[in-house]
Amino acid sequence: MKPNIQTKSANHLLNSLNAVAFERAAKRLTRVRLRPKEVVYKPDQQIDHVFFPENAVLCLMTIMSNGDTIEAATVGREGASWISASVGAPSMPCETIVVIEGTALRLPIADLERELRENDHFRQVLTEYSHALLIACMRTSACNGLHKLQERCARWILMTLDRVDRDRFAVTKEFLAQLLGTNRPTVSVMVSVFEKAGIVRVDGRWVTVADRNRLKEAACECYDIIRKNYEEVGR
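Quick note: to get this note's numbering, add 39 to the position in the sequence shown (first position is 1).
This is how it looks when you write it as structure tokens:
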């Protein structure tokens, strides 16, 4: 597959690079399409590429020995899948799976390592992003343990909406239940509450946000905290 990269990227992390840093990185990027539930990394498996999503959304999912799952963090156009692979962490402890299908820019680990060594601005921006992702993971962990499921679901929908091109996205209730660490019947009831309140519209697996302001009111403070930290990257 040949590179097909424009001078500006839909990925905010790449788009925050200065012109010289972006041009160097862009030569090594390849655009790929990611499908729903595609596993891009398995736990403890060697990582060969890093993905910079454009409108796809990835989930770093923790899987327990009994098969229970829960989101550790999600990654979209604000960032990259696993840049720690270049700094002594060639694998990751959790599964990374595609939640929302779309495109991403793929960079081989060898090229990532080269850019981090030779491209000062690239290294600076990715270091800032690593810090923001760490905060997001820590905040998500606290959110999963302390906040109500409805607040967490509203936060998840808002974060996903920020990462796609339209006011709707496709996700099954079964998959959403896996991400939130609950079961499908509970998710169905919760989504019905949002739907009856006129906050979202649901048509099969498609979720359309009808009232973003009210959805934000329903979410916990974690949404704003995570979003603001991401927005500081590259400034």
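For every residue, glycine included, the Cβ atom is placed at its ideal position computed from N, Cα and C.
- Only residues of its own chain outside the window of five on either side were considered, and among them 55 and 164 have a CB closer than 6 Å to the CB of residue 273, listed in chain order.
- The count of Cβ pairs closer than 8 Å, one atom from the segment 257–273 and one from the segment 220–227, stays below three, leaving the stretches out of contact.
- The three-state secondary structure of residue 86, taken from DSSP, is coil.
- Taking a cut-off of 8 Å for Cβ pairs, the segment 74–93 and the segment 137–152 touch, as three or more such pairs fall below it.
- DSSP lists 144 as the beta-bridge partner residues of residue 91.
- Rounded to the nearest angstrom, the Cβ distance from residue 142 to residue 65 is 15 Å, too far for a contact under 8 Å.
- With distances taken between CA atoms, residue 191 lies nearest to 229 out of 203, 67, 210 and 229.
- Of the other Cβ atoms in all chains shown, fewer than 16 fall within 10 Å of the Cβ of residue 170; this residue is therefore exposed.
- Note on the segment 156–242: whole beta strand (DSSP E) runs with a minimum of 3 residues are 207–209 and 239–242, in chain order.
- Residue nearest to residue 179 within the set 211, 119, 240 and 260 is 260 (criterion: CA-CA distance).
- Taking 8 Å as the cut-off, the beta carbon of residue 52 is found closer than this to the beta carbon of residue 119.
- Its chain contains 261 as the residues whose beta carbon lies nearer than 8 Å to that of residue 181, once the 5 sequence neighbours on both sides are disregarded; these appear in chain order.
- Excluding its 5 nearest sequence neighbours in each direction, residue 247 has C-beta neighbours in its own chain below 7 Å: 206, 207, 239 and 240, listed in chain order.
- In the structure shown, residue 261 adopts helical secondary structure according to DSSP, grouped into three states.
- With fewer than 16 other CB atoms across the displayed protein chains lying within 10 angstroms of its CB, residue 173 is exposed.
- Membership of residue 134 in the beta strand (DSSP E) is indicated by the continuous run 134–139.
- Judged by DSSP secondary structure, residue 62 falls within the alpha helix (DSSP H) whose first and last residues are 58–65.
- DSSP places residue 154 in the helix class (H, G or I) of the three-state scheme.
- Counting only the Cα atoms, residue 138 lies some 13 Å from residue 93.
- Assignment of residue 52 by DSSP, reduced to helix, strand and coil, places it in the helix class.
- About 41 Å separates the Cβ atoms of residue 160 and residue 249, ruling out a contact at the 8 Å cut-off.
- With contacts defined by Cβ atoms closer than 8 Å, residue 113 and residue 97 form a contacting pair.
- A distance of 8 Å or more separates the beta carbons of residue 185 and residue 258.
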